[in-house]
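Using numbering that gives the first Met the number 0, the first residue of the sequence shown is number 0, and each one after it goes up by one. Before any comments, here is the structure.
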Amino acid sequence: MPAPKVKPPVILGGSGLTFAPWVIWTKFCKKIDMPIQIGFLGLGTMGSAMANNIRKTGLGLTVWNRTPEPTAPFAAKGAIVADSPRHCATGRDVVITCVSDEKALDDILEGPNGVLAALKPGQVLVDMSTSGTRAAKS
0 MPAPKVKPPV ILGGSGLTFA PWVIWTKFCK KIDMPIQIGF LGLGTMGSAM
50 ANNIRKTGLG LTVWNRTPEP TAPFAAKGAI VADSPRHCAT GRDVVITCVS
100 DEKALDDILE GPNGVLAALK PGQVLVDMST SGTRAAKS
C-alpha cells in the first residue's frame, strides 16, 4: 500500500497555529496494549457529561466527587469510584479536574489526600474547572 500524500500544514489566521491534515493519522495511531487510565474529579453538570464521554471510549476511568450521589451512575457502568482525590489520581495517566471554583480546586489539589500528593513524573493534570487565571498560574 503506497504511503498517503501529505499536504503542508495550513497556517490559521496568522495566529501561529498550524493544522496538519488528518490524512496521515494512521501513521500515528497504534494499538494501545494497555488502555490509558483516567482520573476524573468533579461530576457536576459539565463534568458528568465529559466523564461520561470518556467512559464511552472504553478507557479506564476512575471518578470522584465531593458528594457521592453523582458517582453512582458511573459505578453502575463499570467506572471505579475513588474515596479521595488522591485515590482518584494514583496510578492514572491523565487526571482531569472540573470543579466549580478556585476554592474547590484548591481543596482537591492540596493536602495529604489531594491530587498533587499522588502525581508522579509522566502523569498529566488537566484543569477544566471554572477558575480564573490566578488559579491556573499557581
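Glycine included, each C-beta is placed from N, C-alpha and C at the ideal position. Since the model is a prediction, treat every value here as computed from it, not as a measurement.
Residue i burial status per 10 Å Cβ neighbour count (16 or more: buried)
| i | result |
| --- | --- |
| residue 20 | With a pLDDT of 45 at residue 20, under the threshold of 50, the predicted position of this residue should be treated as unreliable, and no value is reported. |
| residue 84 | buried |
| residue 75 | exposed |
| residue 48 | exposed |
| residue 64 | buried |
| residue 29 | Any reading at residue 29 needs caution, since the residue's pLDDT is 48, under 50, leaving its predicted position unreliable; the model's value is listed next. By the neighbour-count rule (16 or more Cβ atoms within 10 Å), residue 29 is not buried but exposed. |
Assumed close pair residue i, residue j - CB separation to whole angstroms, cut-off 8 angstroms
| i | j | result |
| --- | --- | --- |
| residue 38 | residue 97 | About 12 angstroms separates the two Cβ atoms, so there is no contact after all. |
| residue 93 | residue 81 | Residue 93 to residue 81, Cβ: 14 angstroms. No contact. |
| residue 40 | residue 114 | 7 angstroms |
Distance, residue j Cα to residue i Cα
| i | j | result |
| --- | --- | --- |
| residue 125 | residue 88 | 12 angstroms |
| residue 106 | residue 73 | 23 angstroms |
| residue 69 | residue 118 | 24 angstroms |
| residue 90 | residue 59 | 11 angstroms |
| residue 129 | residue 104 | 9 angstroms |
| residue 112 | residue 86 | 8 angstroms |
| residue 44 | residue 71 | 15 angstroms |
| residue 121 | residue 35 | 13 angstroms |
| residue 108 | residue 79 | 19 angstroms |
Three-state secondary structure assigned by DSSP to residue i
| i | result |
| --- | --- |
| residue 125 | strand |
| residue 40 | strand |
| residue 35 | coil |
| residue 59 | strand |
| residue 70 | helix |
| residue 80 | strand |
| residue 119 | coil |
| residue 114 | helix |
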